[in-house]
Structure formats: structure tokens, C-alpha cells
Amino acid sequence: MEQDNNYELNLSWQKKGVAFFNQLREDIVADKSIYFYCLITTILLYALAVYLKLPVQYSFTTYLETLYLACYSAGLVWCSYYYLYLLVRREKHPTKQFLRKLKTIVFPLSRTCSILILLLALNIVFSNYTFLKSIIPLLHPYGVDQSLIELDRWLHFGNDPWVITHAIFSSPWASLAINTAYNAWFFFMWVTLFFFVLYKKARVLRLQFLLTFLLTWMINGSLFATTFSSVGPCYLELLNGDDLFAPLMQRLNEQSTFLESIGAFPLWALQTQDYLWQGYVTQVNGIGSGISAMPSMHVSIAVLMALCTYRLNKTLGYFACAFAVIIQIGSVHLGWHYAVDGYFSVLSTLAIWKAVGWALTSRAPKTKAT
């Protein structure tokens, strides 16, 4: 009798194991295009690093700790929110309900494992982008800034775009608000990314977002950034002594000093710009390292978030569109970019989004993806 029970128990575990690996394989196959992209780009970049013997060290794990902290923070925020939600609803057994909900998130384990594997792949993609961004001046020395400046002035009737933004948003408080929105971009980017990693209801839309997200970083953030190698207004004087944007940087520093003098937050953009410049000088390959103006990845990802958010909820989509406009303004106002960097990003991101949507539609004609 005991042997029969052991046999049934072993058989049950075998069935669970088979079911686990079958489901895990199914999830991985569903995202095979993402893994293929990750594999190909990693092989090419590693070969490039070895062949050119670049002084910047290539690392697969640059963003591993960041992803861990992002997942931990997101989990902590969600747990706090959901438990508080249960308390507000006056749930009879909030802890029991909380644990039940937590169980539905963690199980089945195959889903959790597939998510972790996908996040590891995303870490590699982010590391690839950071490495490429760091070696842009080694592949194509900075030299397109003057052309971008002239194009900016031509498009804006002889004016530098930053003069226009500072005429409209002239107070230090306006600059701080713009800087706050600009920094909030990181939060919204991670939230949107994690949402679509977990989102399985509309598989084509999910895959369209993830593939566009990855291709945008590689095409806009690496290929176009190398082609149009430029540093942007905040670094122009540091790079070649051209003080054309010295009035802008002086104005931002004065506003930041004023804000600090009254106990408010400074303009964080200035500290970040210093951090990135030090990374450029020391040729360190770290989180966010590298300098590149054209095109603007802030604008590019903001546009992508607006596109996918609008598909999910039109009302939220309108807010996301407004946020993208603020990011475009902020990229110029804070000295990061020329206005044309953002304009180009809008067009290129739309093109990538449409191309990915068309490719997915051609594979599944009955599913709307664009």
C-alpha cells in the first residue's frame, strides 16, 4: 500500500514537472523573436569589442542590479498598495486575501520563471545599448552638432529653441517642474516595460511594444546616434570650447542655485550632466554612461509609451501624448538636446512601431497590430 502511494506521488510530481517545462517552453517560444534579437545583437557587439580592441570594457551584467532593484521596488509598492486597498475596503481577512492574491501572482511557477528569463534577456539588451553608446565617439567622432544647430535655427525662424522655451517657461519653478517630469520619465518607462512583460491579454500588442522598445534603443539609440554623432548643448563648450550655449547653462545654474538657496530641490539635470561627462572623460561603461544628442531617446520612448497607452486606453493615451510633448520641451529647456533630436525621434519611432506592427500582422493577418 505504501509503495502504491509513493508511486502515485512520484507520478504526480512527474506530471507536474512535465507540465512546468511544457508551459515554460511555450512562454519562451512565444517570445522567441525577443530572445533571437538579444542573441544576435550580443554576438555582434561582443565580436565588435574583441575585433576593435576597444578601451571601454563590455559587460553583460551592467543593468542586472538595476533590474533587481526595480523589480524589488515595484513589488514593494504593489504589496503596500494592495494591502492598504484591502484595509480601506474593510476586508474581513486582509492578510489571508493578500496571501491568496500573492499566490496567484507567483504561481504557476513556469510563468514566474519565464518572466525572470525575459528580464535577464532585457538586462543584456540594456547592457548592449550602454556599451554602444559609450563607444560612439570611438566609432564616429562627435562632429554633427553645428549642422543640427543650423537646422534648429532654420526650423525656428532663426531662433535657438531653448530661447523660446525659456521665454515661455521663464521662472526657476517652471524649470524645476520640467526637470521633475523629465526625471519621472525613468519611472514611467520602467512601469510600462514591466507592465508589458507581465501583460498577456493582447499578445500581439505586447510583442509589438517589446520589440519596438528594443529596436528603438538599438536603431535610434545606437545606429542613428553613431551616424549623427553629437553631444548636445550642455556639452558643446566642454567638448570643443564653443560657448554658444553658455547663456543657457548659466541660466540653468542660476535657477538651480536660487532654488537651493530657498530650500527647494535643485535642477537635477545639471548633476546628471556632470556625472555623464565624468563617465565620458574616464571611459567608464556604467549605468546610463555615454553621451549622445541625436536622436533623443527620452522623446523616442515617451512617444512609444503614448502609442501603446493609447491602444489600451484612449484617455490615458492623451495624457501620455501630453507627457511626450513635455519631454520634448524638457530635452531642449534643460540643455540635453537640440529640438531636431526630438523631432527626428518622433518620426523614427513611429516608423519602427509601424514596421513591427506590419511584420506581426503579416504573421497573424487576423490580428490587428498597427
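Residue 941 is where the sequence shown starts when you use the numbering used here, and the numbers rise one by one after that.
All C-beta atoms in this analysis are idealised placements derived from N, C-alpha and C, irrespective of residue type, glycine included.
Values in this document were obtained by computation on a predicted structure and should not be read as measured data.
Specify the secondary structure class of K1032 as computed by DSSP and reduced to three states. Position 92 of the sequence shown, counted from the start, is the residue given in the question as residue 1032. Of the three classes helix, strand and coil, the one that applies to K1032 here is coil, per DSSP.
L1027, DSSP secondary structure in three states: Mapped onto the sequence shown, residue 1027 falls at position 87. Assignment of L1027 by DSSP, reduced to helix, strand and coil, places it in the helix class.
Is the number of C-beta pairs between the segment 1259-1270 and the segment 1164-1174 that are closer than 8 Å three or more? In short, these stretches do not touch, since the Cβ pair count stays below three.
Would the beta-carbon of V1137 fall within 9 Å of that of L1210? Taking the sequence shown and counting its residues from 1, one reaches residue 1137 at position 197. Taking the sequence shown and counting its residues from 1, one reaches residue 1210 at position 270. No, these two residues do not count as a Cβ contact at 9 Å.
Round the Cβ separation of A1260 and M1245 to the nearest angstrom and send it over; I've been treating them as touching at under 8 Å. Position 320 of the sequence shown, counted from the start, is the residue given in the question as residue 1260. Position 305 of the sequence shown, counted from the start, is the residue given in the question as residue 1245. Going by Cβ atoms, the distance from A1260 to M1245 rounds to 5 Å, so yes, they are a contact pair.
Kindly say whether N1063, judged by its beta-carbon, lies nearer than 9 Å to any beta-carbon of chain C. Note that chain C does not occur in the displayed structure, where there is just one protein chain.
Which ranges does the alpha helix (DSSP H) cover as unbroken runs of at least 4 residues, wholly within the segment 1172-1210, from first to last along the chain? Restricted to the segment 1172-1210, the alpha helix (DSSP H) segments that are unbroken, complete and at least 4 residues in length are 1173-1180, 1186-1201, listed in chain order.
My output table needs one value for T1307: the three-state DSSP class, helix, strand or coil. Counting from one through the sequence shown, the residue named residue 1307 turns up at place 367. Residue placement at T1307 cannot be trusted, given a pLDDT of 46 that sits under 50; the coordinates are not used to answer.
Across the segment 969-988 and the segment 1051-1068, are there enough close Cβ pairs to call them in contact, namely three or more that are closer than 8 Å? Yes: the two stretches touch, three or more of their Cβ pairs being nearer than 8 Å.
Classification of F976 by the beta-carbon crowding that lies within 10 angstroms, buried from 16 upward: Against the sequence shown, residue 976 aligns to sequence position 36. Counting Cβ neighbours within 10 Å, F976 comes out exposed, since fewer than 16 surround it.
Near V1171, which residues of its chain fall below 7 Å by C-beta distance, leaving aside the five closest residues on each side in sequence? Locating residue 1171 in the sequence shown gives position 231, counting from the first residue. Here the set comprises Y1082, D1085, L1179, I1231, A1233.
Given L1317 as reference, the closest of D1100, A989, Y1022 once Cα atoms are compared: Because the chain in this structure spans residues 941 to 1310, residue 1317 falls outside the shown range and cannot be described.
I need the boundaries of the alpha helix (DSSP H) containing A1114, first residue and last residue. On the sequence shown, residue 1114 is found 174 positions in, with the first residue counted as 1. First-last of the alpha helix (DSSP H) with A1114: 1112-1138.
Assumed close pair H1096, A1279 - CB separation to whole angstroms, cut-off 8 Å: Here residue 1096 corresponds to residue number 156 of the sequence shown, with the count starting at 1. Here residue 1279 corresponds to residue number 339 of the sequence shown, with the count starting at 1. Taking a contact as a CB-CB distance under 8 Å, the pair H1096 and A1279 counts as one, their CB atoms being some 7 Å apart.
Leaving out the 5 sequence neighbours to the left and right, which residues in its chain are closer than 6 Å to T1307 when beta-carbon positions are compared? Residue mapping note: residue 1307 aligns to position 367 of the sequence shown, counting from 1. Confidence is the limiting factor: at T1307 the pLDDT is only 46, short of 50, which leaves the residue's position unreliable and the question unanswerable from this model.
Can you tell me whether R1030 is buried or exposed, with buried defined as 16 or more other CB within 10 angstroms of its CB? Along the sequence shown, one-based indexing puts residue 1030 at 90. With fewer than 16 other Cβ atoms from the protein chains shown falling within 10 Å of its own Cβ, R1030 counts as exposed.
Express the C-alpha separation of T1120 and L1256 in angstroms, rounding to a whole number. The sequence position of residue 1256 within the sequence shown is 316, counting from 1. The sequence position of residue 1120 within the sequence shown is 180, counting from 1. C-alpha separation (whole angstroms): 20 Å.
Name the residue from D1183, L1088, N1123, I1292 whose alpha carbon lies nearest to the alpha carbon of T1212. Counted from its first residue, the sequence shown places residue 1212 at position 272. It is N1123.
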